[in-house]
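Numbering (my numbering), first residue to last: 1 to 126.
By construction, the Cβ of each residue, glycine as well, lies at the ideal position given by its N, Cα and C atoms.
Keep in mind that this is a model prediction, so the values were computed, not measured.
This report refers to the structure that appears directly beneath it.
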(Lines of atoms letter the chains of each structure in order from A and count residues from 1; the text may use other names and numbers.)
(Lines give C-alpha, C1' and ligand atoms only; values in the text may rest on other atoms or scores of the structure.)
Protein backbone atom coordinates (compact mmCIF):
# COMPACT_ATOMS: atom_id res chain seq x y z
CA UNK A 1 0.00 0.00 0.00
CA UNK A 2 1.00 3.59 -0.47
CA UNK A 3 3.88 4.41 1.89
CA UNK A 4 2.65 7.99 2.36
CA UNK A 5 -0.60 6.66 3.88
CA UNK A 6 1.35 4.58 6.39
CA UNK A 7 3.50 7.60 7.26
CA UNK A 8 0.34 9.66 7.84
CA UNK A 9 -1.14 6.94 10.05
CA UNK A 10 2.04 6.71 12.12
CA UNK A 11 1.84 10.49 12.68
CA UNK A 12 -1.85 10.17 13.57
CA UNK A 13 -0.98 7.45 16.08
CA UNK A 14 1.74 9.61 17.61
CA UNK A 15 -0.94 12.24 18.25
CA UNK A 16 -3.29 9.52 19.53
CA UNK A 17 -0.77 8.28 22.09
CA UNK A 18 0.28 11.83 23.05
CA UNK A 19 -3.33 12.93 23.47
CA UNK A 20 -4.14 10.00 25.73
CA UNK A 21 -0.97 10.30 27.80
CA UNK A 22 -1.51 14.02 28.35
CA UNK A 23 -5.34 13.74 28.55
CA UNK A 24 -5.62 16.42 25.87
CA UNK A 25 -8.95 16.63 24.11
CA UNK A 26 -7.40 19.39 21.96
CA UNK A 27 -4.95 16.86 20.51
CA UNK A 28 -7.50 14.05 20.33
CA UNK A 29 -9.99 16.22 18.42
CA UNK A 30 -7.42 16.16 15.58
CA UNK A 31 -7.27 12.35 15.75
CA UNK A 32 -10.89 11.26 16.01
CA UNK A 33 -13.66 11.70 13.46
CA UNK A 34 -16.69 13.66 14.82
CA UNK A 35 -18.81 10.51 14.27
CA UNK A 36 -16.53 8.49 16.56
CA UNK A 37 -17.88 5.35 18.21
CA UNK A 38 -15.94 4.51 21.39
CA UNK A 39 -16.57 0.98 22.63
CA UNK A 40 -15.10 -0.64 25.72
CA UNK A 41 -15.33 -4.38 25.07
CA UNK A 42 -13.74 -5.45 28.35
CA UNK A 43 -15.68 -8.20 30.13
CA UNK A 44 -17.92 -6.59 32.75
CA UNK A 45 -17.08 -3.08 31.52
CA UNK A 46 -18.95 -2.76 28.21
CA UNK A 47 -19.80 0.81 27.31
CA UNK A 48 -20.41 2.90 24.21
CA UNK A 49 -19.71 6.63 24.00
CA UNK A 50 -19.98 9.15 21.22
CA UNK A 51 -17.34 11.75 20.36
CA UNK A 52 -18.40 14.49 22.79
CA UNK A 53 -18.99 12.04 25.65
CA UNK A 54 -15.49 10.66 25.16
CA UNK A 55 -13.92 14.14 24.96
CA UNK A 56 -15.66 15.07 28.25
CA UNK A 57 -14.18 11.93 29.84
CA UNK A 58 -10.71 12.89 28.59
CA UNK A 59 -11.10 16.43 29.98
CA UNK A 60 -12.09 15.04 33.40
CA UNK A 61 -9.19 12.58 33.57
CA UNK A 62 -6.00 13.16 35.53
CA UNK A 63 -3.30 12.98 32.83
CA UNK A 64 -1.00 9.97 33.20
CA UNK A 65 1.85 12.36 32.31
CA UNK A 66 1.16 14.47 35.41
CA UNK A 67 1.66 11.38 37.59
CA UNK A 68 4.83 10.39 35.78
CA UNK A 69 3.28 7.12 34.61
CA UNK A 70 5.53 4.95 32.50
CA UNK A 71 4.63 5.34 28.85
CA UNK A 72 4.52 2.16 26.78
CA UNK A 73 2.86 1.93 23.38
CA UNK A 74 3.23 0.03 20.17
CA UNK A 75 1.55 -0.09 16.79
CA UNK A 76 1.18 -3.78 16.03
CA UNK A 77 -0.36 -3.54 12.57
CA UNK A 78 -1.64 -1.06 10.03
CA UNK A 79 -3.76 -2.47 7.21
CA UNK A 80 -5.52 -0.63 4.39
CA UNK A 81 -8.45 -1.54 2.16
CA UNK A 82 -7.88 0.79 -0.76
CA UNK A 83 -6.92 4.38 -0.09
CA UNK A 84 -9.93 5.42 2.02
CA UNK A 85 -10.24 2.95 4.93
CA UNK A 86 -8.06 0.86 7.17
CA UNK A 87 -7.45 -0.55 10.63
CA UNK A 88 -4.78 -0.06 13.25
CA UNK A 89 -4.05 -2.59 15.96
CA UNK A 90 -2.21 -1.04 18.90
CA UNK A 91 -1.28 -1.68 22.50
CA UNK A 92 -0.54 0.75 25.27
CA UNK A 93 -0.06 0.81 29.00
CA UNK A 94 -1.33 3.62 31.18
CA UNK A 95 -3.36 4.17 34.33
CA UNK A 96 -2.32 0.75 35.65
CA UNK A 97 -3.83 -1.10 32.70
CA UNK A 98 -2.68 -2.86 29.55
CA UNK A 99 -4.92 -1.73 26.68
CA UNK A 100 -5.53 -3.48 23.36
CA UNK A 101 -7.01 -1.18 20.69
CA UNK A 102 -8.65 -1.85 17.34
CA UNK A 103 -9.06 1.45 15.52
CA UNK A 104 -10.85 1.80 12.20
CA UNK A 105 -9.56 4.73 10.20
CA UNK A 106 -11.02 6.74 7.36
CA UNK A 107 -9.35 9.13 4.95
CA UNK A 108 -11.36 12.37 5.05
CA UNK A 109 -10.98 15.81 3.49
CA UNK A 110 -9.11 16.69 6.70
CA UNK A 111 -6.81 13.66 6.48
CA UNK A 112 -6.91 10.31 8.23
CA UNK A 113 -9.16 10.10 11.32
CA UNK A 114 -10.13 7.34 13.76
CA UNK A 115 -13.79 6.50 13.20
CA UNK A 116 -14.13 3.67 15.74
CA UNK A 117 -12.16 2.83 18.84
CA UNK A 118 -12.90 -0.63 20.16
CA UNK A 119 -10.70 -1.75 23.01
CA UNK A 120 -10.29 -3.95 26.04
CA UNK A 121 -7.92 -3.88 28.95
CA UNK A 122 -6.47 -5.97 31.74
CA UNK A 123 -5.18 -4.62 35.03
CA UNK A 124 -1.39 -4.65 35.24
CA UNK A 125 0.10 -7.01 37.73
CA UNK A 126 2.07 -5.17 40.40
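Beta-carbon proximity of residue i to residue j, cut-off 9 Å
i, j, result
"residue 24", "residue 58", "yes"
"residue 97", "residue 122", "yes"
"residue 75", "residue 89", "yes"
"residue 37", "residue 22", "no"
"residue 95", "residue 72", "no"
Rounded separation between residue i and residue j - CA only
i, j, result
"residue 99", "residue 92", "5 Å"
"residue 110", "residue 5", "13 Å"
"residue 87", "residue 54", "20 Å"
"residue 52", "residue 78", "26 Å"
Cβ-based burial, residue i [other Cβ within 10 Å; buried from 16]
i, result
"residue 117", "buried"
"residue 19", "buried"
"residue 64", "buried"
"residue 70", "exposed"
Enclosing beta strand (DSSP E) for residue i [first to last residue]
i, result
"residue 82", "Run containing residue 82: none; DSSP gives neither H nor E here."
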